[in-house]
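Please read the structure below before turning to the comments.
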Amino acid sequence: MIPISLPAGKKCYFASDFHLGLYPYDQSRQRERHIIQWLNEIAPDAAHLFLLGDIFDFWYEYRKVAPRGFVRFLGKLAELSDRGIQIHYFTGNHDVWVFDYLPSELGLYLYRKNQLFVINGRKIFAGHGDGLFRGDWGYRFLKACFTNPVLQFLFSQLHPNLAFTIGHTWSKHSRL
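Every letter in the sequence shown is one number past the one before it in our numbering, and letter 126, counting from 1, is 126.
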């Protein structure tokens, strides 16, 4: 359990499944603008922001290369973090390959598994929710592959242009 005490007048906000970068990209850019508008609206009374996975439609970061795009959104998260708003980022099935770029650059807290928070005495179970159904063996196998260090290393050997083409193609397929 992770305890959180909210100061008077402050709130926690929860959001998920923005799927930034989803084709068609012009709609993704519009969605990004709406999200930033929402973040501007909640900022004055926010103490914690919980991003519960699939924020990006596909995310894979190399040691020295991060995905292109999302600069307005990432800049807004950096601004919120700099203002003292704690950002809790849970990976989902589309952004499982968030590693250290977002925590180190934006100062957010990264979670790979569901967590239990106690917020002002109330228990909140937070996470993306993928893989909760015990009978979903296909997804569990796929997640084991995606989180396997050897397979991650092999994928990282691909040129980013090829890797992102594969990733975006897979992401579209996973929605069908």
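Glycine included, each C-beta is placed from N, C-alpha and C at the ideal position.
Here the structure is a predicted model, which is why all the values come from computation and not from measurement.
For residue i, three-class secondary structure by DSSP
i: I35; result: helix
i: A8; result: coil
i: L51; result: strand
i: P24; result: coil
i: F14; result: strand
i: L176; result: Note that L176 scores 44 on pLDDT, short of 50, meaning its location in the model is unreliable; the coordinates nonetheless yield the value given after this. In this structure, L176 counts as coil in the three-state DSSP scheme.
Residue i versus the options, residue with shortest Cα-Cα distance
i: H128; options: L77, L110, F153; result: L110
i: D82; options: A43, E32, K172; result: A43
i: H47; options: K172, F133, L77; result: For the record, residue 47 in the displayed sequence is Ala; it is not His. It is L77 whose Cα lies nearest to the Cα of A47.
i: K113; options: F90, H159, D26; result: F90
i: G131; options: R122, I124, F125, K143; result: K143
i: W59; options: E32, F50, F99; result: F99
Residue environment, residue i, which counts as buried when at least 16 other CB atoms sit within 10 Å
i: H88; result: buried
i: Y25; result: exposed
Heavy atom of the ligand MN within 6 Å of residue i beta-carbon
i: N93; result: The ligand MN is not part of this structure, which contains no ligands at all.
So, do the segment 9 to 25 and the segment 67 to 75 have three or more beta carbon pairs nearer to each other than 8 Å? yes
Along the chain, which unbroken stretches of the beta strand (DSSP E) at least 3 residues long are found entirely within the segment 59 to 147? 86 to 90, 109 to 111, 115 to 119, 122 to 126
Quick one: any contact between the segment 51 to 62 and the segment 9 to 18, if contact means 3 or more CB pairs under 8 Å? When C-beta atoms of the segment 51 to 62 are compared with those of the segment 9 to 18, three or more pairs fall below 8 Å, so the two segments count as touching.
### Message
With three or more C-beta pairs closer than 8 Å as the rule, is the segment 112 to 120 touching the segment 59 to 67?
### Response
No contact exists between the segment 59 to 67 and the segment 112 to 120.
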